[in-house]
Amino acid sequence: WTSSPTMTTMMMILLLSLGGLPPFSGFAPKWLILEELVSQNIIPTATLMAAASLLSLFFYLRLTYTTTLTLSPNVLQTKFKWRFKPNLPSSPMLLFSMVSILSLPIIPLILS
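Residue numbers for the sequence shown, in mature numbering (1 follows the signal peptide of the UniProt record, and there is no 0): -26 to -1, 1 to 86.
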């Protein structure tokens, strides 16, 4: 994670979107399902879904914290590098995945 800050940032945004944090696209489906469960008076399932969603968001936040705010192993004192540079550039794939994730809420407006 120290060799590619763009990949770290993209991974952080993707994990938080997967966890359903409100500004990201993963929040809208969870909110709509939760709202429909409450309107149908299926309160136990809605409560279980909300608790599971909060638990997964906590896990993704901890994973994001660990990858962004902790130091990687020091490679200056070791004989062999523990991480090698990839042969293929990962920036186009990261850019494509970010554009696709962030454009998910806009797709229904484009199609209609």
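From the three backbone atoms N, C-alpha and C, an ideal C-beta is built for every residue, glycine too. Predicted, not measured: the structure shown is a model, and the values here were computed from it.
- request: Return the chain-ordered list of same chain residues with a C-beta closer than 7 Å to the C-beta of Leu68, the five sequence neighbours on each side being excluded.
  value: Thr(-21), Met(-20) and Met(-17)
query: What residues in its chain sit with their C-beta under 7 Å from that of Leu(-9), if we drop five residues either side in the sequence?
result: Gly(-1) and Tyr34
message: I believe Thr38 touches Leu78 by the beta-carbon criterion, under 8 Å. Please report the beta-carbon distance rounded to the nearest angstrom.
response: That pair is no contact at about 20 Å.
message: By the three-class DSSP mapping on this structure, what secondary structure does Leu(-6) have?
response: coil
message: Measuring only the C-alpha atoms, how far is Lys4 from Leu22?
response: 12 Å
task: With DSSP as the reference, label Leu(-11) as helix, strand or coil.
output: helix
message: Among the candidates Thr19, Thr42, Gly(-7) and Ile16, whose CA atom is the shortest distance from the CA of Ser27?
response: Gly(-7)
- prompt: Can you check whether the CB of Thr40 is closer than 8 Å to the CB of Met(-15)?
  reply: no
query: According to DSSP, is Ser77 helix, strand or coil?
result: coil
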